[in-house]
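Student: Going by this note's numbering, the first residue of the sequence shown is number 1, and it counts up by one from there.
Beta carbons are placed, not taken as given, at the ideal position from N, Cα and C, and that holds for glycine.
Take a look at the following structure, please.
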Amino acid sequence: MPPFAKDVIIRAFRDDDAAAVARIFFDAVHEGTRDHYTAEQRRAWAGDKPNPTRWLERLRIMIVFVAEMAGELVGFMTIDADGFVDLAFVSPSVSGSGVGWRLYLEVEKKARLLGAHRLHTEASLKARPFFERQGWTVSEKQTVVKKGVALTNFRMRKIL
1 MPPFAKDVII RAFRDDDAAA VARIFFDAVH EGTRDHYTAE QRRAWAGDKP NPTRWLERLR
61 IMIVFVAEMA GELVGFMTID ADGFVDLAFV SPSVSGSGVG WRLYLEVEKK ARLLGAHRLH
121 TEASLKARPF FERQGWTVSE KQTVVKKGVA LTNFRMRKIL
């Protein structure tokens, strides 16, 4: 287990987590992907400020796990019954510490409980190596357009 990861509590998302999740997403995109995407691309992807209301609406209908350290949220990841991991983000301050790995373990366990036979996602340039370390493979490089701006990502999968 990575050294930091043992101090992490993984739990289900609650409505009062929305502001923290919005901030994690915003910071992960704007700070964490700085080496992979331009400022214009990051702005198209995550906007100009966190939007907790939008995140609450989006996450209420998903299966979401959050990572908490010392009472503060530091990451989140989603899964659905088909094995789709739509969102996987950690605060830049804990990137590489094992928080994402701990979230991933819960997501994969939940996918198996839901009867999924494979996992799939659309991973950013930043997230691709993380998923590859978990045994995922790239099935396709693609370009997605957000707010008129093109971004590269990867369709990835893992057979369970």
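Assuming residue 44 and residue 8 form a contact by the criterion Cβ under 8 Å, report the distance between their Cβ atoms to the nearest whole angstrom.
Tutor: What you label residue 44 is simply residue 44 of the sequence shown in a count that begins at 1. What you label residue 8 is simply residue 8 of the sequence shown in a count that begins at 1. Not really, about 31 Å apart at Cβ, beyond 8 Å.
Student: Which residues bound the alpha helix (DSSP H) around residue 132?
Tutor: Within the sequence shown, the letter at position 132 stands for residue 132. It spans 128-133 - the alpha helix (DSSP H) in which residue 132 sits, taken as one unbroken run.
Student: Taking the DSSP output, what are the residues bridged to residue 11?
Tutor: Residue numbering aside, residue 11 sits at position 11 when the sequence shown is read from its first letter. BP columns for residue 11 point to 66.
Student: Less than 8 Å between the C-beta atoms of residue 119 and residue 83, yes or no?
Tutor: Locating residue 119 in the sequence shown gives position 119, where the first residue counts as 1. Locating residue 83 in the sequence shown gives position 83, where the first residue counts as 1. In this structure, residue 83 lies closer than 8 Å to residue 119 by Cβ.
Student: Within 10 angstroms of its Cβ, does residue 145 collect 16 or more other Cβ (buried), or is it exposed?
Tutor: Position 145 of the sequence shown holds residue 145. Residue 145 comes out exposed.
Student: Note down, in chain order, each residue of its chain lying with its Cβ closer than 6 Å to the Cβ of residue 16, except the 5 sequence neighbours on either side.
Tutor: The residue you call residue 16 lines up with position 16 of the sequence shown. Around residue 16: no qualifying Cβ.
Student: Pick from 62, 10, 18: whose alpha carbon is nearest that of residue 54?
Tutor: Locating residue 54 in the sequence shown gives position 54, counting from the first residue. The option with the nearest alpha carbon to residue 54 is 18.
Student: When burial is assigned at 16 or more other CB atoms within 10 Å of the CB, is residue 61 buried or exposed?
Tutor: Position 61 of the sequence shown holds residue 61. Label assigned to residue 61: exposed.
Student: If I'm right that residue 26 touches residue 50 with Cβ under 8 Å, what's the distance once you round it to whole angstroms?
Tutor: As a working mapping, residue 26 is identified with position 26 in the sequence shown. As a working mapping, residue 50 is identified with position 50 in the sequence shown. Right, the Cβ-Cβ distance comes to about 4 Å (below 8 Å), so this counts as a contact.
Student: Mind the definition here: the stretch 110-119 touches the stretch 28-43 only if three or more C-beta pairs lie below 8 Å; say whether that holds.
Tutor: At 8 Å Cβ cutoff, the stretches do not touch.
Student: According to DSSP, what are the bridge partners of residue 146?
Tutor: As a first step, residue 146 is located in the sequence shown; it is residue number 146 there, counting from the start. Residue 146 pairs with 149.
Student: Report buried or exposed for residue 11, applying the criterion of at least 16 other Cβ atoms within 10 angstroms of its Cβ.
Tutor: For the purposes of this step, residue 11 is taken as residue 11 along the sequence shown, with counting starting at 1. Residue 11 is exposed by the Cβ-count criterion.
Student: Where does the unbroken beta strand (DSSP E) through residue 78 begin, and where does it stop?
Tutor: By one-based count along the sequence shown, residue 78 stands at place 78. Run containing residue 78: 72-79, per the beta strand (DSSP E) assignment.
Student: Are the CB atoms of residue 142 and residue 155 nearer to each other than 8 Å?
Tutor: Residue numbering aside, residue 142 sits at position 142 when the sequence shown is read from its first letter. Residue numbering aside, residue 155 sits at position 155 when the sequence shown is read from its first letter. For residue 142 and residue 155, yes; Cβs fall inside 8 Å.
Student: Assuming residue 112 contacts residue 137 (C-beta within less than 8 Å), just tell me the rounded distance between them.
Tutor: For the purposes of this step, residue 112 is taken as the residue at position 112 of the sequence shown. For the purposes of this step, residue 137 is taken as the residue at position 137 of the sequence shown. Their Cβ separation, rounded to whole angstroms, is 19 Å, which puts residue 112 and residue 137 out of contact at 8 Å.
Student: In three-state DSSP terms, what is residue 38?
Tutor: Counting from 1 along the sequence shown, the entry for residue 38 is found at position 38. Coil.
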